[in-house]
Amino acid sequence: MSEPRETIFEHEDHELPPTASTMTTFAVLVVLALAALAVGFSDLGPWKVLANLLIAAVQASVLALFFMDLRQADRLTWLCAGAAIFWVGLMFLFTLTDYLTRYIAAI
Amino acid sequence: MAASATAGAPVAHHFDNLTQQQQTVRFGMWVFLITEVLFFGGAFCAYTVYRIWFPREFEAGSAVLNVGIASVNTFLLLTSSLTVTLAMRACYVGDQKGVRNWLLATIVLGSAFLGLKFREYYLDYEEGLIPSSRTELVRTTGSGEGVPGADFREQPVFVGNYLKAAEEAERQTGKSFVEEVNLTRVQLFFMFYYSMTGLHGLHMIVGIGLLIWQYVLASRGFFAYPGRYVYIEVMSLYWHFVDMVWMFLLPLLYLAGPHSWGQAAGQFRLAILGH
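Which chain is which? The protein sequence lines are H and C, in order.
Residue 85 in this note's numbering sits at position 85 of the first sequence, with consecutive numbering throughout.
For this note's numbering, count along the second sequence from 1 and bump the result up by 1000.
See below:
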């Protein structure tokens, strides 16, 4: 019997973050949620949705980087996250360029 | 601690070693999450198109939603993301009792979210904020001058119900929002509201099912091997993703319209205590 061949999975230095850093992440997310509500209950007019989406994007990034541990993930996982954003971006781009320009084409 | 996390757990026969198995399990969930992002992405994309087309109608629809329940639910979900992460860590450091307790806490928080969500649906139903093709005859203010039926006009049942809810919301916030709004079209917003929160709720139910399953596994000693923390991790990836969807649903559905802190507090009190 030969030794099992070396794979890219042989070396594992993945370590879970300590509880203190998990609590910090949670505190940041709570503060961001409060900020989202404060903006939501304000009278910013058309800027409200943009400000809120920005906060949501920051929240989602903190959640992905720390709770979902993208920070120390391997390249394959980053590829997954990137692919998700890329394909959703394509869907938005092609859908919006069609639907939002139909009236222009009709004029 | 860290060393024990990659030692001791049995490896399935088709893997070379535990690390390969763990990374494959993780990769599988991430690939599934891509499909989930696209699944929800379709709904968000459709929402974007209609929101840009009918901004006033969407804001007017949002204005009558129960933002009190939504705010509390936001923090319940965030806390459940914390507890599921702590469950994973407990397994990693070999604390089996901790695994059970944190999983249980996550189940309780998730169920509380759903309970409040169902309460909110019930209140929406009671107010009649349901899109439908049903119409009713309403009395017009103008004089029909004795012509039978001339004092009445037909309008969707939804519009009458919506106006009652809007009046109450305007009283609570002191902000008006029904001018220049096509009231029939506000139903479009409610289609998005029910389908998007419904899909999210469905994912919560599946997530709670997974949590219960892992709680049963934990009770049977499955997580006695610290290396098996990865199973809690992949389930937590899904749970965090559902939390992430809510982070976007909150501003797009609930916070789109005019609201206030006082209204949120009042709505929550009314929904729970009934006064």
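Glycine residues also receive a C-beta, built at the ideal position from the N, C-alpha and C atoms.
Using a Cβ-Cβ cut-off of 8 angstroms, Thr77 of chain H counts as an interface residue toward chain C, since at least one Cβ of chain C sits closer than that to its own. Distance check between Gly1061 of chain C and each of C:Val1108, C:Phe1248, C:Thr1035, C:Glu1179 places C:Glu1179 closest, using alpha-carbon atoms only. The beta carbon of Arg71 of chain H sits closer than 7 angstroms to the beta carbons of Leu65 from its chain, once the five residues preceding and following it are set aside; these are given in chain order. Within the stretch 21-41 of chain H, those residues whose Cβ lies closer than 7 angstroms to any Cβ of chain C are, in chain order, Thr22, Phe26, Leu29, Val30, Ala33, Ala36, Leu37, Gly40, Phe41.
Scanning C:Gly1274, C:Leu1270, C:Leu1255, C:Leu1273 for the CA closest to the CA of Ala33 of chain H turns up C:Leu1255. Annotation: the continuous alpha helix (DSSP H) that includes Arg1119 of chain C extends over 1096-1127.
Within a 10 Å sphere around the beta-carbon of His1203 of chain C sit 16 or more other beta-carbons, which makes this residue buried. DSSP places Glu1136 of chain C in the strand class (E or B) of the three-state scheme. Phe1241 of chain C places its beta carbon 8 angstroms or farther from that of Leu1082 of chain C. With respect to Leu1188 of chain C, Tyr1092 of chain C sits apart: the two C-beta atoms are not nearer than 8 angstroms.
Counting only Cβ-Cβ distances below 9 angstroms, His1240 of chain C has contacts in chain H at Leu63, Ala64, Phe67, Met68, in chain order.
At least one beta carbon of chain C lies nearer than 8 angstroms to the beta carbon of Gln59 of chain H.
Taking a C-beta distance under 8 angstroms as the contact criterion, Phe1075 of chain C and Val88 of chain H do not qualify as a contact pair.
Taking C-beta atoms as the reference points, Ala1166 of chain C and Val1067 of chain C fail to come closer than 8 angstroms. The C-alpha of Ala35 of chain H is placed about 8 angstroms away from the C-alpha of Ile55 of chain H. Against chain C, the CB of Trp47 of chain H has no partner CB under 8 angstroms away; the residue lies outside that interface.
In terms of CA proximity to Leu1078 of chain C, H:Gln59 leads the group H:Ile85, H:Gln59, H:Asp69, H:Phe86. Chain H places no beta carbon closer than 8 angstroms to that of Leu1199 of chain C, leaving this residue out of the contacts. The beta carbon of Val1037 of chain C sits closer than 8 angstroms to some beta carbon of chain H.
Residue contact check for Ala1256 of chain C against chain H: a CB pair falls below 8 angstroms. In this structure, the straight-line span from the alpha carbon of Leu63 of chain H to that of Thr19 of chain H is close to 15 angstroms. For Tyr1231 of chain C, the closest Cβ of chain H is not nearer than 8 angstroms.
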